[in-house]
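Using full-length UniProt numbering, the first residue of the sequence shown is number 1, and each one after it goes up by one.
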Amino acid sequence: MSYEGSCHCGAVAFEVDAPVPAQAMSCNCSHCRRKGFLLSFVPEGQFRLKQGQDQLRSYFFHAHKIEHMFCATCGTQSFARGAMPDGTPMRAVNLRCVPSIDLDALQIKRVDGASF
């Protein structure tokens with residue numbers, strides 16, 4: 001099973017080789033709060049960028065541990081690059097960029113990122 005997503009203009013597109021998640025993380029840090037992300041974390045090997053590498057731009061803040069990737073054309077951040085607490089490379093997928101996911105059906109896990 002897999003699911004696909006993209007930025008708003010479609011220049012950046014990706015596929016995740018995993019079942020559609022039932023849960024998403026909602027963080028209240030200064031970045032996530034402003035953008036309204038609903039995130040799911042997947043191992044790097046399950047994420048495939050289908051197109052748009054040349055359209056991606058990076059944004060870092062705070063500890064500079066997560067590379068937030070956004071489309072240079074439309075500004076949408078569909079995913080980020082980083083590592084799990086154990087150091088395993090991962091992708092944070094913005095589930096709002098995955099049209100096939102019923103966002104209202106997701107169980108939302110709230111994270112107090114503002115206190116990190």
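Just so it is clear, CB atoms sit at the ideal spot from N, CA and C, and this is done for glycine as well.
Review point. Just checking my contact of glycine 113 with cysteine 7 at CB under 8 Å: how many whole Å lie between their CB atoms?
Key: Here residue 113 is taken as the residue at index 113 of the sequence shown, counted from 1. Here residue 7 is taken as the residue at index 7 of the sequence shown, counted from 1. About 23 Å separates the two Cβ atoms, so there is no contact after all.
**Study point:** valine 20 versus Arg34, Val42, Cys9, residue with shortest Cα-Cα distance
**Key:** Counting from 1 along the sequence shown, the entry for residue 20 is found at position 20. Nearest option by C-alpha distance: Val42.
Exercise for review: Ignoring anything shorter than 3 residues or poking outside the UniProt domain "CENP-V/GFA" (3 to 116), list the beta strand (DSSP E) runs there in chain order.
Suggested key: 3 to 6, 13 to 16, 23 to 27, 39 to 43, 47 to 51, 56 to 59, 67 to 71, 79 to 83, 89 to 94, 107 to 111
Exercise for review: Give the straight-line distance between the Cα atoms of cysteine 9 and cysteine 71, rounded to the nearest whole angstrom.
Suggested key: Along the sequence shown, read from residue 1 onward, the residue named residue 9 stands at position 9. Along the sequence shown, read from residue 1 onward, the residue named residue 71 stands at position 71. Whole-angstrom Cα-Cα distance: 9 Å.
Review point. Among Ala24, Arg34, Val98, His62, which has the Cα closest to the Cα of residue 137?
Key: Shown here, the chain extends from 1 to 116; a query on residue 137 therefore has no answer.
Review point. With distances taken from CA atoms, which of Gln107, Ala105, Asn94 is nearest leucine 39?
Key: Position 39 of the sequence shown, counting from 1, holds the residue named residue 39. Ranking the options by Cα distance to leucine 39, first place goes to Asn94.
Exercise for review: Apply the 10 Å Cβ neighbour rule to alanine 63 and answer buried if 16 or more other Cβ atoms are within range, or exposed otherwise.
Suggested key: Here residue 63 refers to the residue found at position 63 of the sequence shown. Exposed is the call here.
Practice item. Could you check the C-alpha separation between leucine 49 and serine 115 for me, to the nearest Å? Key: Residue mapping note: residue 49 aligns to position 49 of the sequence shown, counting from 1. Residue mapping note: residue 115 aligns to position 115 of the sequence shown, counting from 1. In a straight line, the C-alpha of leucine 49 is about 32 Å away from that of serine 115.
Check your understanding: Taking just the CA atoms, how far does glutamine 55 sit from tyrosine 3?
Key -> Counting from 1 along the sequence shown, the entry for residue 3 is found at position 3. Counting from 1 along the sequence shown, the entry for residue 55 is found at position 55. For tyrosine 3 and glutamine 55, the distance between alpha carbons rounds to 21 Å.
Exercise for review: Determine the direct distance from the alpha carbon of glutamate 44 to that of alanine 18, and round the result to whole angstroms.
Suggested key: On the sequence shown, residue 18 is found 18 positions in, with the first residue counted as 1. On the sequence shown, residue 44 is found 44 positions in, with the first residue counted as 1. Their Cα atoms are separated by approximately 11 Å.
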